[in-house]
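Residue numbers (the working numbering): 4 to 140.
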């Protein structure tokens, strides 16, 4: 694991799509997303936790996949609170990677997510996971 990601081992769940109860998705955060997570109000964090527990069971959540430059990423919307969380699913390593968390204010969260995904690809020489996830479907 690179130093730019952190795990939250409390949030893991079986992957029912894999057909094997021993396979589990883990929740990881980019360091910048972890800072955003820690800055959240407790009530907002609690609601996100409930949504993330569901997403760890079924990370490819219908209706939550982003399009355009962020195709292959997913969002969790807290409409009443005005927050968005953007994550990426890494099926090959069974990880749900939180990329950005912020208020929806002028799509700031999506711009941050796009910049961070591009940094991941450039910095780690990753195989452009966003594009490769899109091709699998």
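Beta carbons are placed, not taken as given, at the ideal position from N, Cα and C, and that holds for glycine.
Outcome for residue i when other beta-carbon atoms lying within 10 angstroms are tallied against a minimum of 16
i, result
"residue 119", "buried"
"residue 57", "exposed"
"residue 121", "exposed"
"residue 42", "exposed"
"residue 105", "buried"
Separation of residue j from residue i, as counted between CA atoms
i, j, result
"residue 114", "residue 35", "14 Å"
"residue 38", "residue 77", "20 Å"
"residue 74", "residue 117", "10 Å"
"residue 125", "residue 49", "33 Å"
Nearest neighbour of residue i, chosen from the options [CA to CA]
i, options, result
"residue 87", "61, 71 and 67", "67"
"residue 44", "84, 59 and 80", "84"
"residue 102", "59, 28, 94 and 123", "123"
Residue i (DSSP reduced to helix, strand or coil)
i, result
"residue 25", "Residue placement at residue 25 cannot be trusted, given a pLDDT of 44 that sits under 50; what the coordinates show is reported in the next sentence. Correct three-state label for residue 25: coil."
"residue 83", "coil"
"residue 93", "strand"
"residue 117", "helix"
"residue 42", "helix"
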